[in-house]
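Residue numbers (the working numbering), protein chains in the order written: chain A, 1 to 318; chain B, 1 to 318; chain C, 1 to 318; chain D, 1 to 318; chain E, 1 to 318; chain F, 1 to 318.
There are 6 protein chains.
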Amino acid sequence: MTLINKLTNQEEFVGYYLLKELEVKQTNGTPPKDYFDIVLGDSSGQLSAKYWDVKPMEKETFFPMDLVRIQGVAHVYRERLQVKITRIRKVTDEDHVSITDFIRSAPVLPVDLLYTIKQSIASINDTEMRTIVQYCVSKVEEKLMHYPAAKMHHHAFYAGLAYHIVRMLELGEFICKQRPFLNADLVKAGIILHDIAKTEEMTAELGIVKEYSVQGKLLGHISMAANWITEAAIHSNIELQSEKIVCLQHMVLSHHNLGEWGSPVQPQMAEAVALHFIDAMDAKLQMVEDALDTTPDTEEWTPFIRGLENKAIYRMKL
Amino acid sequence: MTLINKLTNQEEFVGYYLLKELEVKQTNGTPPKDYFDIVLGDSSGQLSAKYWDVKPMEKETFFPMDLVRIQGVAHVYRERLQVKITRIRKVTDEDHVSITDFIRSAPVLPVDLLYTIKQSIASINDTEMRTIVQYCVSKVEEKLMHYPAAKMHHHAFYAGLAYHIVRMLELGEFICKQRPFLNADLVKAGIILHDIAKTEEMTAELGIVKEYSVQGKLLGHISMAANWITEAAIHSNIELQSEKIVCLQHMVLSHHNLGEWGSPVQPQMAEAVALHFIDAMDAKLQMVEDALDTTPDTEEWTPFIRGLENKAIYRMKL
Amino acid sequence: MTLINKLTNQEEFVGYYLLKELEVKQTNGTPPKDYFDIVLGDSSGQLSAKYWDVKPMEKETFFPMDLVRIQGVAHVYRERLQVKITRIRKVTDEDHVSITDFIRSAPVLPVDLLYTIKQSIASINDTEMRTIVQYCVSKVEEKLMHYPAAKMHHHAFYAGLAYHIVRMLELGEFICKQRPFLNADLVKAGIILHDIAKTEEMTAELGIVKEYSVQGKLLGHISMAANWITEAAIHSNIELQSEKIVCLQHMVLSHHNLGEWGSPVQPQMAEAVALHFIDAMDAKLQMVEDALDTTPDTEEWTPFIRGLENKAIYRMKL
Amino acid sequence: MTLINKLTNQEEFVGYYLLKELEVKQTNGTPPKDYFDIVLGDSSGQLSAKYWDVKPMEKETFFPMDLVRIQGVAHVYRERLQVKITRIRKVTDEDHVSITDFIRSAPVLPVDLLYTIKQSIASINDTEMRTIVQYCVSKVEEKLMHYPAAKMHHHAFYAGLAYHIVRMLELGEFICKQRPFLNADLVKAGIILHDIAKTEEMTAELGIVKEYSVQGKLLGHISMAANWITEAAIHSNIELQSEKIVCLQHMVLSHHNLGEWGSPVQPQMAEAVALHFIDAMDAKLQMVEDALDTTPDTEEWTPFIRGLENKAIYRMKL
Amino acid sequence: MTLINKLTNQEEFVGYYLLKELEVKQTNGTPPKDYFDIVLGDSSGQLSAKYWDVKPMEKETFFPMDLVRIQGVAHVYRERLQVKITRIRKVTDEDHVSITDFIRSAPVLPVDLLYTIKQSIASINDTEMRTIVQYCVSKVEEKLMHYPAAKMHHHAFYAGLAYHIVRMLELGEFICKQRPFLNADLVKAGIILHDIAKTEEMTAELGIVKEYSVQGKLLGHISMAANWITEAAIHSNIELQSEKIVCLQHMVLSHHNLGEWGSPVQPQMAEAVALHFIDAMDAKLQMVEDALDTTPDTEEWTPFIRGLENKAIYRMKL
Amino acid sequence: MTLINKLTNQEEFVGYYLLKELEVKQTNGTPPKDYFDIVLGDSSGQLSAKYWDVKPMEKETFFPMDLVRIQGVAHVYRERLQVKITRIRKVTDEDHVSITDFIRSAPVLPVDLLYTIKQSIASINDTEMRTIVQYCVSKVEEKLMHYPAAKMHHHAFYAGLAYHIVRMLELGEFICKQRPFLNADLVKAGIILHDIAKTEEMTAELGIVKEYSVQGKLLGHISMAANWITEAAIHSNIELQSEKIVCLQHMVLSHHNLGEWGSPVQPQMAEAVALHFIDAMDAKLQMVEDALDTTPDTEEWTPFIRGLENKAIYRMKL
């Protein structure tokens, strides 16, 4: 079975794929006919596809997020590869395929990511900080097993959020060793909490963001996480005005660095400066890595990447 | 006794004033001598003053915020009026002067401002919104009796914050009548809460901001007020995820309108748009009014006003 | 007959509508066939529609701004409701429908709006200011009966400009009462004149802007209004250098507040600051109100609004 | 007699100079003594100077713009050359010096500049354009004989405005020859009118701007010139809506190119684009030339120039 | 034969054209059919065209940059003129047409442009500067015979780059005469070198830019030209640190004026300031002239021009 | 002997210090007297100082960068600590003090820093890249032993540049391990070359930048380093167009990320993105660490830091 990012022009193929998007549309002919406008996905990427001459019953059969077996042909349309589906059916138990094989995932198992995060929490020496972090993580532990870190920007895959946190913890550990004046507890706490409220800012399924919640749009994950810290402090009987609570909130509030990027205050502690750059470095390099991974090896340049000043990345031939 | 904003060049005078600022400095002569670099204040404005040849004991006698009786002469120095103090003594009980007579104040009594605010709270129909507002106001009721609304920007006078709120409530009432689709409860609540945490963001005395608190710098009054709403909801057993709490927080978080002005989210509700403009209109017009009031009548132009794109305001002769 | 903003998916309907836009296009088939790409309008909003298999004679029959009777079916296409027209004919006298019933209008009769504006002019105490305002208004009195205030931004409906002025006059009256140091004559004059030249900057019919005039593009309504004041002064023998003329021009020139928004000078008088915020508040709140009104009640969020930092507005369920 | 830009450290000198600025100040000593804080000027530049121990009568003798004979010594203070005046007296008729020898001037006689401008007006073929330009120039002909083009920015010298116009006319003539599709009449008219209202935006004496007028601040020279064109058209019975008037106004209104630089509209005609660049090129190169001229030959770099992105200019040794 | 910019709606025509772009696409019908999506070009401009019902063999016959003979009809589609091709064949020798007749070209012969450039190089008095310029020009002499100056921005035609240089040399000569303090050698050298590396930044054929090279994207023509100067100096044994080399590099590096426009340093020499404005004036006026030329005479306004703040240009009727 | 950052108000002290700056000034008294305006430095920081009543011979004795023995008293002036010097003499051999003890230095010996850099170069696997890096480093090896990385911004101390490189190499090694798709050779080369030309952009002595060179101002260190790579390639017979050279130049040219920060191109390779963030993280965290180190422990906040959005850093008390 051919992976999506290996399909070539004029290739005929048969295989299992995920219907990441499916919309019933009508041709402009007279009378207009129904067709499916589809986005096929598998673990290697995604591709646009058309299925013409849809029968009425098929409209009641196929829905987004279904797994299907497809016979089709790839062809170039407007400079991009596209699939024309000739046959389609839903998978059955006999096919022995599982949806988790068809989505992009973090390269580490969610259960291992969560284990690492919990180990990191356990290693926070300060009792009150540890309590606050524990409270917030336990609110959304289950979602941490699968949420992506963003809709499209970066780490937009299954367990992408937890993977982002774990990689940042590695980088944070290095920086704290290189610069011992940094408070390692605060850096760890900041890393784990900085995007934690994304789990309620967006709704996601199988690593794919469906939409932003009302609360997510009206408050944003930065202020929501600050709320959680307040809530955690009250429930744990920690003084709201205490320096620890204020510093933890400052870490979260300032991690986007600038007002125009959504932070109501700018970093004013060494650890907050560190957090911002640890976050930025991990997110930007992941964008680059994702773009190179999902661009066919034959392409010299990736598509333009919005999070990188809308620049494309060159694949060096060295 | 001459008010500060009525003093003229070469005028000799005697009167009571407040030492708003006092610093001991040394002349460049050899040997250098001590002198006081002073900012005199009264209810009409403030003026720079020098007191030369300070005696050692005087350095232990006079401090900022003291009320003093002064004999001096006004003269123009670098195009601005300045005072040379020839005699100075602290006031005693026999002088029968009170510090409150020497500071700029809102034109309405603090007690009346607070009464109006409380009436407004009482008129909020929604029980839960009213509870939240009440909780937050009661935290800082005493400070509302005297806090200014800002360090210099606007309403920088005794009870300026409460006066700002009351004037906004008047404007809010008008707008809600003109546009009945607005939720008046939410507009009132937003007005009362929007700057409420300035009382902990800054420390102030007699209507003069002394400095920003650590918490104020690290979190900012916008996020602090959001925290208070969370706290109020928990203590009042109101669901944190409920639309009312989310909307109230949105009002506060978005009232600066843009990220670069400190709001982590932009207004996304009709009432939040209204709140931003009610706040802006009251603050800007007060800046203009204050600048015209404290600029001598003989001047055509006020000084440059930072909050108004650094423009001076022309005093029309019509 | 169903109003446009009440149509639902798969609904078959018959009714009278306005052809706000109509273009003859061709399908991609072979041979290509003609069809109409239409925007239907009524007093409640507008909707995209297609009429397939257009007969040659029909191309000579139907034109933009025609009133028609339509039989059709609504269906969702690319997440938006669209109409497929099955029958169409022009209205005749027997249909007893009038075009004015099919366009969005100010909620107050134009004649009443104009009356209010004239009353306001009459109440300007200063003779020369009143003369100038009268001169300018009389130039375009007839257009004030129907012009919108903008192409799409805000008050984009029949008599929207006059309605905008009247609402601003109400707000201006409130502000002048709240802050008596403002010169009410100047505030009134500024409100009435600030957008008056939009009547020559754009051409409009039935409350819909058709296009910008050459003069409108090359000079802009702000400079055009300044020209009118010069013209009015010369014709009324008022000294061009007099403070009144200069102040009136300043009000108009500065009302967009910033250079990048089209004002060659920034507000430098109390009344000019007031005018800018009165204008902004009325325009922005109207955008919000219009967006909520024309978005189906079942939608939680309005479309994105360009004039509000491209944000959508949330419809609170409280 | 030594020119100001030739004075060197520790040089003792005697000579005639202009008191460009003079302020009476007091030392910090006890008792404080009066001294003069002075800016000396001559045709080669200007220099800061002090005159200590001012006698009471001297305060009634010396005023800004007086011509004086000075004995003094130059010395370096805070890295800049300064003069300590040891003797000072006003010039008398016997000194046979004239103020015009002490101010920076355009390198062409004002009468010749004006002659060139008039020749250029006479060469405008279009009668109506010529009439408008003539009307505006005749309003301020006398001021054109001596006004500078700006306070400090560029051409800040005697007859600098007329010189700027004449040089732009030369450049405009070249461009119109190189690109014959440009309307030479419109280019000429635009050049002559673009800054013409600076003569009323500022008050100037002997090529030195004293201050901005109220009208200048409230309207700006761009809108004022547009007003003059309106006025000229009415007085000459030229239709205000005619394309010629609209185009002339567009030239003036758009010549600063961007809203943030004060133009309410951006260039939308070939000639307006040309005017903007002719103006920019002449102004910027003059800034460079002035900076190099008034910086001592021994300096490698000029001071920072605000109009050139605050860059200093390097004096190549090639 | 009708030139493209003279075609009118519903006109049937026969003629020779260049296939500037050709893509095989498929209709949405069932089964979908192949058609050609074409951009036709000639010396007067370009136009979109469709050729329906493409036969399989035709897909192997027609390619971009082919010269063809066409029979077709022009019609308006979405407010723009488009061509429907009814017959198409490739030209043969008997047609006696040459591709160079079908592309937009500089109005001066390339050989003459190059001659002028070489004359200008020969007139550089400074031996070392002349050597550097010669070295760089000789690298790409052949490309200078046909390269455009940009992809779309300005001078996007055959030999546009050389034409841009020659026109700038004319302007530079004028400016150096008007302001003799400028070093004419440096101005000439800067003009000839400023965009010279565009010949390797982009690949172009027949005056049409095909794409940017990898080197062009990663380094940009500004840094590439600086490299060439280094290379030229080494090969000519001129000291790399010498002022001449540094100044020449500064001219090239700073000619875009601002960092956000791609210059790593800002102009800090009189000649660099001059170069920037000579370049800007020539490029902008050429954009205007090109836009007016290629817009049908019947149109009042050109399309929006990205390089001119996205403004359209008005065609005065005077 | 008291270190500068341990001095307290009113403390009398004796000790050895470096005269980092010394200027002869005059008091305003009559007659004015000479005094020294001094900046004292030692390894812990720097402090402003005055020495009154300078004798003529002393003006010939003391110069900047002299080591001196001082008797003085610290006192607070305008809220900052200052020193009044009562006695001063130059050090002699008998004092047994060395200037290197009085300047801030990297916490690692220069020789060790250079060793590390050379080891890193040796570990570059690609022969040509290694050759280029070696060539550039050998040009300035001696300067790398002492140059700071910037004038004030960050790493402004003895051997600060080499220290910055070494710390970045550590971070780069970590990142390359964490993300093996990165080309480690290119990352190392980029880190070593990115700021290498600062050694010729500025002149520095004892870790203190004296001034920018003419070449430094006209070209900037980014373009200078690109020149060096060109030079190195030519001297090493490496093809200038080869991908390695282009990629190395891209690393250097893009490392400031944005045009407004001085990079003519933006990062378009994974390694260039990594380099930018490695540089930013090391520079920003060093700014924070330096600010906290040189601010007395008793201060809660550091001064404002220009490179960190002009924010002060809070010293957590946790």
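Every residue gets a Cβ at the ideal spot worked out from N, C-alpha and C, and that includes glycine. None of the values given here were measured: they were computed from a predicted structure.
query	result
Three-state secondary structure (DSSP) of R167 of chain D	helix
Contact under 7 Å by Cβ, Y16 of chain E with R69 of chain E	yes
Residue range of the alpha helix (DSSP H) that includes E74 of chain E	According to the sequence as given, residue 74 of chain E is Ala; it is not Glu. Unbroken run through A74 of chain E is the beta strand (DSSP E), 67–77; no alpha helix (DSSP H).
Nearest-angstrom beta carbon gap, M287 of chain B and M281 of chain C [assumed within contact, 8 Å]	Going by Cβ atoms, the distance from M281 of chain C to M287 of chain B rounds to 17 Å, so no, they are not a contact pair.
Close beta carbons around Y163 of chain D, own chain, < 7 Å, minus the five adjacent residues each side	A106, V108, L113, H155
Residue-chain proximity (Q119 of chain D, chain E), Cβ-Cβ < 7 Å	no
Identity of the residues DSSP links to R179 of chain D by a beta bridge	Paired residue(s): none; R179 of chain D is not in a bridge.
Anticipated Cβ contact below 8 Å, V91 of chain B with E12 of chain B, distance rounded	The pair is not a contact, with the Cβ atoms about 20 Å apart (cut-off 8 Å).
Counted within 10 angstroms of its Cβ, other Cβ atoms place M269 of chain E as buried (16 or more) or exposed	buried
For K217 of chain A and I124 of chain A, believed in contact at Cβ under 8 Å, the rounded distance	Actually they do not touch by this definition, with Cβ atoms about 32 Å apart.
Chain-ordered residues of the stretch 277–302 of chain E with a beta carbon less than 9 Å from chain C	E300, W301
Under 7 Å between C-beta atoms of K317 of chain D and E271 of chain E	no
Extent of the continuous alpha helix (DSSP H) run through T294 of chain A	270–294
C-alpha gap between V133 of chain E and I305 of chain D, whole angstroms	31 Å
Separation of I313 of chain E from W301 of chain E, as counted between CA atoms	6 Å
Alpha carbon of I4 of chain E to alpha carbon of L47 of chain E, nearest angstrom	7 Å
Whole runs of the beta strand (DSSP E) within the stretch 14–51 of chain F, excluding any shorter than 3 residues	34–42, 45–51
Inter-stretch contact at 8 Å, needing at least 3 Cβ pairs: the stretch 231–245 of chain D / the stretch 246–265 of chain C	no
Separation of A184 of chain B from A184 of chain A, as counted between CA atoms	48 Å
Interface residues of chain A facing Y51 of chain C [CB-CB closer than 7 Å]	None at all; the shortest Cβ gap to chain A is about 11 Å.
Contacts that E170 of chain B makes with chain C (C-beta to C-beta distance below 9 Å)	F174, Q178
Extent of the continuous beta strand (DSSP E) to which M152 of chain C belongs	That residue, M152 of chain C, is in no beta strand (DSSP E); it is neither H nor E in DSSP.
Alpha helix (DSSP H) segments (min. 4 residues) lying fully within the stretch 230–271 of chain C	243–254
Identity of the residues DSSP links to T203 of chain C by a beta bridge	C:E211
Residue from B:V24, B:S43, B:K118, B:K55 with nearest C-alpha to V76 of chain F	B:V24
According to DSSP, residues forming a beta bridge with L81 of chain F	F:V76
Any chain C beta carbon closer than 7 Å to A270 of chain B	yes
Straight-line Cα distance separating P264 of chain C from S263 of chain D	6 Å
Contact check, G207 of chain B vs P148 of chain B, beta carbons under 7 Å	yes
Proximity below 7 Å, CB of V319 of chain E to CB of D37 of chain E	The structure shown does not extend to residue 319 of chain E, since chain E is modelled only from 1 through 318, so no value can be given for it.
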